[in-house]
Structure formats: structure tokens, C-alpha cells
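Our numbering numbers the first residue of the sequence shown as 30 and each following residue consecutively. Ideal placement from N, C-alpha and C gives every residue a C-beta, glycine not left out.
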Amino acid sequence: ELLRDRGDGLLPELARALQVLGTHLERSGDDEGAVEAFWEAVALHRSLALESPGGSPDAPLVSALVSALDDLGRALARTGEHAAAIEEFDETVKEFTEAGPSAARRLAVERSAFLLRCPEPWPATGVGELVNRLDEDAERAGGPDAVTVRARQALRGYGDSAAVRTAWEEETFTPVPDWLGLSRETLDTVSAWMFAPNWPRSRDFWSRNAEVLGGEQAAVALDELAVLHPRGAQRHALLREAVLLHGVTAAYDPLILQEQLSQWLECADWKESRAYLEEHPRLLTVQPPGDTPLAHVAMLDIGRTEGLDSAYRLVEDRAALQAYVDRALEAGDGVALMHGGGIEGQVFGDRLSSLTHAQVALVLAGATEGFEPDDLAALLHKAPEETRARLVRETVALSTRLPEQRKEMGRRIVRALGGDA
């Protein structure tokens with residue numbers, strides 16, 4: 030009563046503390062004290078879970094109750110009181126049957142799994158219950174879920190696999206499913222591969238475990254892992270197929286380079302950026318996605334064609350960048366001009382020069398999509414007069430060399446900059 034007066038927020042902590050106490054007493058040889066502590070923990074966890082019974086079967090409150098029931102069942106089994114443990118499971122399942130059917134379904138599976146750890150004749154009952162539940166789950170709306178996986182694990186973990194297979198065939202009148210023969214070692218290996226921290230580590234893990242990961246059981250393991258981790262499992266199923274079809278290098282290279290590109294884009298500054306490229310030179314062969322910042326696209330293109338010294342000088346030295354832009358204008362090189370404009374805006378904050386050179390690059394390419402010179406007017410008041418004047422001079426000089434049909438595009442840019450076209 031004192032605890033309730035002080036707030037229900039203390040009850041979960043008390044329930045966990047009782048479980049810790051029970052475990053300590055169990056290890057100390059005080060089986061009776063452990064059972065008493067675990068029983069109190071179960072009562073508290075059950076009360077808490079019943080306060081919000083409509084959640085998912087793997088909700089934290091339900092998982093805490095399952096943990097407490099597992100502790101109690103283990104402690105009672107040590108003293109030979111299996112029937113008392115089963116009765117506690119039965120009562121708990123009954124309480125949730127109407128209040129929280131999803132939780133009741135999980136608790137029923139845990140009860141059946143506990144029967145497998147009891148002496149005869151209970152294991153046969155547990156096997157039959159799990160087989161029937163999994164057979165029903167195959168028709169359940171929404172497909173398999175975490176409770177399905179738990180039931181599968183319980184059946185696979187039972188020592189008499191022949192009895193499980195016989196029960197499956199006799200109860201369902203269907204062949205034994207592939208997942209029933211899935212070994213713990215294969216599942217653990219596939220799971221470790223799926224959760225490798227990065228693609229190079231994933232590739233190395235495959236190389237060390239190629240026989241297992243390339244085997245048929247690995248595909249079964251991925252199907253089961255897809256229940257809990259659909260996106261990751263599906264991606265690795267495709268990767269596995271690619272490795273088996275094209276080899277490790279061909280399958281992994283695009284993923285590794287994509288991951289390295291993302292890491293390079295996250296570098297804190299241009300010094301770190303250059304060091305990363307020097308360490309991963311194959312990135313220079315990558316065609317970056319369309320949403321890559323323009324200055325980074327420029328570093329890759331210029332680094333590939335002119336070297337990293339030339340590329341990174343442009344983000345460090347404004348005068349060097351202007352010289353690069355001047356050469357691009359003189360050569361009528363729209364790609365180089367787009368690179369220069371990207372660096373002007375992203376690195377030096379010169380938005381007027383950046384947008385102007387992007388518009389001029391479109392003129393050089395003869396493109397009309399994205400050609401919006403009127404947008405320049407909104408930036409004029411933010412730029413120094415010398416910048417505006419320089420851009421006018423550059424564009425006028427370039428326009429004189431343009432084919433007649435593009436001259437008017439150049440004049441529109443000049444007028445937008447406030448120049449005399």
C-alpha cells in the first residue's frame with residue numbers, strides 16, 4: 030500500500046529487484062526463498078502487464094512477465110514442483126485470454142516450451158501444443174511473427190527431434206518444414222553475418238564462413254530472420270544470391286564503395302576528406318548519386334582527372350578556384366564550370382557566383398530545364414558589387430562566343446545581374 034501511495038512507478042523496479050533477489054537466493058542454495066521471491070515478482074509483473082494488456086506480444090511489460098515466469102518455473106523445477114509451475118502458467122494465460130489475446134498467445138507458447146523441460150509425460154503435450162499452434166499460425170492473418178519464431182525455437186531446441194518430426198506429420202498431415210531442421214549453429218552464423226558492423230567486415234565474415242552461408246540452410250535461416258528483421262534479411266538474401274552467382278568481389282564491391290562514399294561525405298573538414306580519399310582511392314571510380322553535394326562531386330571528378338592536389342587546392346584557395354573558373358569559361362567547359370560553381374557556393378558561401386555559373390553551364394550545354402536566370406536578382410543585394418561586376422564581365426565575354434541561338438540566354442543572365450546586355 031505504501032508503494033502504491035508513493036506511485037506505481039516504483040512497482041516495476043520492485044518487481045525487478047525481487048527477481049534479482051530470487052536469483053541470489055537460488056545461487057545461495059535457498060530454493061524455498063528463491064521460489065517465494067520469484068512468485069512475488071510474477072504477481073507484480075502480471076499486475077503491471079494487465080494494466081495495459083492490449084499491446085504487442087513482445088511489449089516490455091509482457092517480456093518482463095515472461096522473464097519472471099521463466100525464473101519461477103526454473104526454481105520450482107529444481108524442487109520437483111513442475112505441476113505448480115504449470116499451474117502458474119495456466120492461470121496467467123487464462124487472465125490474459127480476454128484482456129490481452131496477443132499477450133496470451135505468447136504466454137501460451139512459453140507454457141508449452143516449459144513443458145518440454147519437464148519430466149514425462151509433459152514434453153509430449155508441449156510438442157503437440159507447439160505443433161498445432163504453428164500449424165494454425167501458417168493460416169494466421171499477418172503471417173509469422175516473434176511468437177511464431179519463439180515456438181519454432183522451442184521445438185528445435187527439444188532433445189528428441191524424431192518425436193517432433195513424428196508429431197508434426199501426424200498432427201498436420203504435411204511434410205516437416207525446412208525450418209525444423211535449422212541448426213542453432215547455422216542460425217547464429219547467418220545472424221552474425223547479417224549484423225556485421227560494415228560491408229568490409231561482412232565480406233570477410235562470408236569468406237571465413239562461405240560453406241555455411243552458401244548452403245541451403247542459410248536461405249532457411251534468412252527466411253526466419255526476415256520475420257523479425259525483414260529489411261536486413263531481405264537485403265542479405267539478395268546479397269547471398271549475388272555472391273553465389275557473381276562471386277564475393279563483384280557482389281560486395283558496390284556495397285563497400287557506397288558505404289565508403291557515405292563515410293567520406295561525413296568527413297568533418299576538407300583535410301579529413303582528402304585523407305579519406307587517399308586511403309580509399311577506389312572512390313575516385315564511383316559515380317555518385319544525384320543528391321551528392323556538388324563540391325564533393327567536383328572533388329571526385331577533378332581528383333580523378335587532374336589529381337587530388339589540383340582538386341583540393343580549389344577548396345582551400347579562392348584565387349585558385351577563380352583561375353579554374355576562368356579556364357572553364359575560356360574553354361566553354363560547362364561541366365568544369367558546374368564544378369566551380371558548386372565549390373563557390375558550398376565552400377565559400379558565394380551563392381551569386383555559384384548560381385550564375387550554374388546557369389551559364391546550362392547555356393553551354395544547350396539545356397533549358399533548370400534555366401532560371403531571374404532567380405539571380407534575389408541574390409544581388411547579398412553580394413559585393415565587385416562580384417556582380419565580375420560575373421557580368423565573364424558572362425558578356427562568353428556570350429560573344431556563343432552560337433546565335435544561345436546568345437539570348439547569355440543576355441538574360443547579364444540582364445538579371447543588372448548588366449547592360
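Hey, G361 and H386 are a contact pair by Cβ (cut 8 Å); roughly how many whole angstroms apart? Actually they are not in contact, since the Cβ atoms of G361 and H386 sit about 13 Å apart, beyond 8 Å.
With distances taken Cα to Cα, identify the nearest neighbour of T177 among G186, G188, D164 and Y187. D164
Member of L77, L47, H74 and R75 whose CA lies at the smallest distance from the CA of V64: L47
At a cut of 8 Å, does the segment 299 to 317 reach the segment 260 to 271 through at least three beta carbon pairs? As far as the Cβ criterion goes, the segment 299 to 317 does not touch the segment 260 to 271, which means the pair count is below three.
Is the distance from the Cβ of L381 to the Cβ of A348 below 8 Å? no
Three-state secondary structure (DSSP) at D362? coil
Quick check on the burial criterion: 16 or more other C-beta atoms within 10 angstroms. Buried or exposed for S339? exposed
Straight-line gap, D320 to S291 (C-alpha atoms, nearest Å): 12 Å
Output the distance between the C-alpha atoms of R269 and E55, rounded to the nearest integer angstrom. Between the alpha carbons of R269 and E55 lies a gap of roughly 46 Å.
Could you tell me how far apart the beta carbons of P137 and V160 are, in whole angstroms, since I believe they sit closer than 8 Å? Checking the sequence, you will find Ala at residue 137 rather than Pro. Contact flag wrong, Cβ pair sits at about 13 Å.
Start and end residues, alpha helix (DSSP H) containing V277: Where V277 is concerned, the enclosing alpha helix (DSSP H) stretches over V277 to L294.
Can you have a look at D119 and say buried or exposed, based on whether 16 or more other CB atoms are within 10 angstroms of its CB? Using a 10 angstroms sphere on the CB of D119, the tally of other CB atoms stays under 16, which defines it as exposed.
Could you give the residue range of the alpha helix (DSSP H) that holds T52? Looking at the DSSP string, the run of the alpha helix (DSSP H) that includes T52 is L39 to R56.
Extent of the continuous alpha helix (DSSP H) run through F118: H111 to A128
G243, DSSP secondary structure in three states: coil
Find out if the Cβ-Cβ distance for the pair P148, H111 is shorter than 8 Å. Yes, they are a contact pair.
Neighbourhood of W68 by C-beta distance below 7 Å, restricted to the same chain and skipping five residues each side: L101
Roughly how far, in whole angstroms, is the beta-carbon of A445 from the beta-carbon of Q375, given that I think they are within contact range, below 8 Å? About 22 Å separates the two Cβ atoms, so there is no contact after all.
Sequence-distant residues of its chain with Cβ nearer than 6 Å to K436 (five each side left out): Annotation for K436: S428 place their beta carbon closer than 6 Å to its own, counting only its chain and skipping 5 residues before and after.
Check whether the Cβ atoms of L274 and A250 lie closer than 8 Å to each other. no
Helix, strand or coil, according to DSSP, for Q388 in the structure here? helix
Put A352 into one of helix, strand or coil per three-state DSSP. helix
Could you name each continuous alpha helix (DSSP H) segment of 4 residues or more that falls completely within the segment 167 to 252, going from the start of the chain to the end? Unbroken alpha helix (DSSP H) stretches of 4 residues or longer found wholly inside the segment 167 to 252: 175 to 186, 190 to 201, 213 to 223, 228 to 237 and 239 to 242, given in chain order.
Would you call G188 buried or exposed, if buried means 16 or more other Cβ atoms sit within 10 Å of its Cβ? exposed
Helix, strand or coil at R103 according to DSSP, with G and I counted as helix: helix
When A418, G336 and E295 are compared against P310, the one with the closest alpha-carbon: Here the closest residue by C-alpha is G336.
Nearest neighbour of E240, chosen from P229, T218, W228 and A255 [CA to CA]: Ranking the options by Cα distance to E240, first place goes to T218.
What residue range is occupied by the uninterrupted alpha helix (DSSP H) comprising F400? F400 -> no alpha helix (DSSP H), and no H or E assigned at all.
So, with DSSP's three-state summary, where would you put S76? helix
Could you pull out every residue in the same chain whose Cβ sits closer than 6 Å to the Cβ of A44, ignoring the five residues on either side in sequence? Scanning its chain for C-beta atoms nearer than 6 Å, with the 5 sequence neighbours on each side dropped, one finds around A44 the residues A70, L73 and H74, in chain order.
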